[in-house]
Each structure stands twice: as C-alpha cells, then as structure tokens.
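See structure below.
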Amino acid sequence: MPPYRQGSPQRCRAFFKVGQTKIELLEGTSDDSAISKFIANNGGRGGIQHIAFAMEDGVANALAEAEEKGCRLIDKAPRKGAEGLNIAFLHPKSTCGALIELCEDPNK
C-alpha cells in the first residue's frame, strides 16, 4: 500500500504499510483535538498515542471478554473508524497507561 493521507476536522492521518503491519501517523489540526491535547500533555514530545490490534473473532467478542476480565472500556460496542473498520477502545487505566484500539474489517 503506498502512503496516503486523509483528513477530518480535527486531525490529518497518513497510513504506511510495511509487511503485515500498518502504521498510522496522526497530526492534530486544532488545539482542542485529542491528538493535540495528547502532545501538549506529553510536553510537546509527541509519542505513541495508541496501539491498535486487529481482531479475527470480532471487536464485540473482544470487548465482552475484556469487560468480563475487569477491563475498563471506553466503547461498550464497536463503532465505525478510519477506513470503514469497526473499532473500539480500552481505557488506558486498565491497560498500564496505553490506549488500546481493537479493530476489525467488516468485509473480511
């Protein structure tokens, strides 16, 4: 996949695929965007805002399992994300400070 860029009102993103790994770079386009706030809270150093994992058995199943094991959820059900993927997030307070995104391609 060649790199490409897409935008929204509060962020621009660029995707790069290397082997089976896809890297998404995010840029906040307003001071009140989640990305801009993350960078500001991190002393302007940037950093890893979140890590995403592809779910083969579905995001809904992964959410149910995570909640059953006591994980705090940001999303109680999957929602549409970038590239039409079904996504949901686990709260960083339950994942050693890392924001975790669960995602699945609804076309697979």
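Using this note's numbering, you'd call the opening residue of the sequence shown number 9 and step up by one each time.
Where is the CB? At the ideal position from N, CA and C, for every residue including glycine.
Query: Where the alpha helix (DSSP H) containing residue 45 begins and where it ends; Result: 42-49
Query: Length of the line joining the Cα atoms of residue 70 and residue 108; Result: 12 Å
Query: Candidates 81, 100, 46, 96: closest to residue 62 by CA position; Result: 96
Query: Separation of residue 24 from residue 85, as counted between CA atoms; Result: 27 Å
Query: Beta carbon of residue 34 nearer than 7 Å to that of residue 53; Result: no
Query: Residues near residue 93 in its chain [Cβ-Cβ closer than 7 Å; skip 5 each side]; Result: 111, 112, 113
Query: C-beta contact flag for residue 59 and residue 22 at 7 Å; Result: no
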